[in-house]
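Below is one structure, written out as structure tokens; the observations come after it.
Residue numbers (the UniProt record's numbering): 1 to 93.
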């Protein structure tokens, strides 16, 4: 059975009647619906949202993440070690 793309209460391909429809992009099988601008824009928005979420969740690319990790590592060392200049809260000076 062909599944159509439902957008704003109408099918994207313009057909009418009691047809199977979905707003979930991966379930749409109608070639006419998949070739419409509405479907292509929704697909593009979904892809961009996924990329933004992946980029936002990736903390490793933060500019100060290495500095924080390094200062925690040096602060955890036992003995009279100290942090290099520019790092805050130097216990042993």
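Glycine is no exception: its CB is placed at the ideal position from the N, C-alpha and C atoms.
Inter-residue spacing [alpha-carbon to alpha-carbon] between residue i and residue j
i	j	result
residue 37	residue 66	44 Å
residue 93	residue 56	Confidence is the limiting factor: at residue 93 the pLDDT is only 47, short of 50, which leaves the residue's position unreliable and the question unanswerable from this model.
residue 19	residue 12	12 Å
residue 9	residue 48	24 Å
residue 40	residue 17	23 Å
As assigned by DSSP and simplified to three states, the class of residue i
i	result
residue 93	Unreliable placement is indicated for residue 93, whose pLDDT of 47 sits below 50; the coordinate value is still reported in the next sentence. Residue 93: coil per DSSP, three-state reduction.
residue 22	strand
residue 11	strand
Burial state of residue i, where buried means 16 or more other Cβ atoms lie within 10 Å
i	result
residue 50	exposed
residue 21	buried
Nearest-angstrom Cβ-Cβ length linking residue i and residue j, presumed shorter than 8 Å
i	j	result
residue 30	residue 3	7 Å
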